[in-house]
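Worksheet for the structure shown next.
Numbering (the working numbering), first residue to last: 204 to 450.
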């Protein structure tokens with residue numbers, strides 16, 4: 204789904220933040236630009252996930268997007284899917300859901316169901332695919348195992364869980380090098396050193412990343428027997444976990 208050229212530019216952290224990062228109306232208004240400029244290869248990563256999801260040959264696609272934000276993935280699926288599909292997105296941010304609804308209406312995709320709800324409480328059942336792009340990292344670490352277990356149980360056999368995460372590395376020198384490379388990337392996207400530092404401060408204790416190993420273990424302990432990494436650039440990784448069909 205092609206984004207409008209007049210998407211507001213992200214200047215959220217051009218001034219000192221007055222609070223920790225949250226997905227409020229200010230962030231929602233510029234979120235698409237924030238994603239494009241803050242996550243390396245975001246559009247390509249989204250395209251990869253969409254292509255893999257649509258490669259499934261099923262009578263109907265039942266997909267749930269956890270932390271759907273402005274519904275970019277759901278809109279892409281709706282645009283490209285040639286068969287029947289039940290597409291639902293959940294977000295606990297009223298501002299994100301409101302913006303997602305406006306976008307779906309603008310693109311004529313009213314069939315997408317958007318739900319304002321707590322991801323930790325919303326029932327998950329009968330899904331072919333569950334997606335959580337840069338969502339788990341905002342869930343408290345102690346609560347992530349329960350959520351991933353609920354995702355596993357809510358998938359039908361043969362179902363897939365796609366999730367993208369910012370990760371940390373066990374080797375401290377490597378981790379620092381990756382962070383430095385990432386900050387240089389953000390500078391090339393037009394963010395100032397002040398904006399980079401201000402956002403880092405606002406995200407402290409809000410975004411808590413795991414290592415690649417910890418994310419894979421999280422899925423395996425939930426019941427997924429097959430977990431793969433599909434793409435990685437520095438400290439950004441796409442994972443795919445499959446609920447293998449029983450013989």
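The C-beta atom is built at its ideal place from N, Cα and C for all residues, glycine as well. Note that the structure is a prediction, hence the values are computed from the model and not measured.
Checking the sheet assignment: what are the DSSP bridge partners for residue 365?
Partner(s): 334, 443.
Roughly how many whole angstroms lie between the Cα atoms of residue 408 and residue 293?
Each residue's alpha carbon lies about 23 Å from the other.
First and last residue of the beta strand (DSSP E) that includes residue 292?
Element bounds for residue 292: 288–294.
For residue 325, I'd like the list of residues in its chain whose CB is within less than 6 Å of its CB, leaving aside the five on either flank, ordered along the chain.
Hits under 6 Å: 293.
Please report whether the beta-carbon of residue 250 lies at a distance below 9 Å from any beta-carbon of chain C.
The structure shown contains no chain C; it holds only a single protein chain.
Use the C-beta contact count for residue 280: other C-beta atoms within 10 angstroms, 16 or more gives buried, fewer gives exposed.
Buried, by the Cβ-count rule.
Per DSSP, which one or two residues make a beta bridge with residue 239?
Paired residue(s): none; residue 239 is not in a bridge.
Would you mind listing the beta strand (DSSP E) stretches within the stretch 247–286 that are 3+ residues and don't spill past its ends, in chain order?
The qualifying runs are 264–269.
Count the other CB atoms, across all protein chains shown, that sit within 10 Å of the CB of residue 346; report buried if there are 16 or more and exposed otherwise.
Counting Cβ neighbours within 10 Å, residue 346 comes out exposed, since fewer than 16 surround it.
On the DSSP letters alone, give me the boundaries of the alpha helix (DSSP H) that residue 384 sits inside.
From DSSP, the alpha helix (DSSP H) with residue 384 extends over 375–391.
Just reading off the beta strand (DSSP E) that residue 317 is part of, what are its end residues?
Run containing residue 317: 316–319, per the beta strand (DSSP E) assignment.
Are residue 318 and residue 356 touching if we call contact CB-CB under 9 Å?
No, they are not a contact pair.
When the Cα atoms are used, what is the spatial distance from residue 398 to residue 388?
Between residue 398 and residue 388, the C-alpha separation is close to 13 Å.
Kindly identify the DSSP beta-bridge partner or partners of residue 358.
The partner list for residue 358 (beta bridge, DSSP) reads 330.
Buried or exposed for residue 370, please, with buried defined as at least 16 other CB atoms from any protein chain shown within 10 angstroms of its CB.
Buried, because 16 or more other Cβ atoms sit within 10 Å of the Cβ of residue 370.
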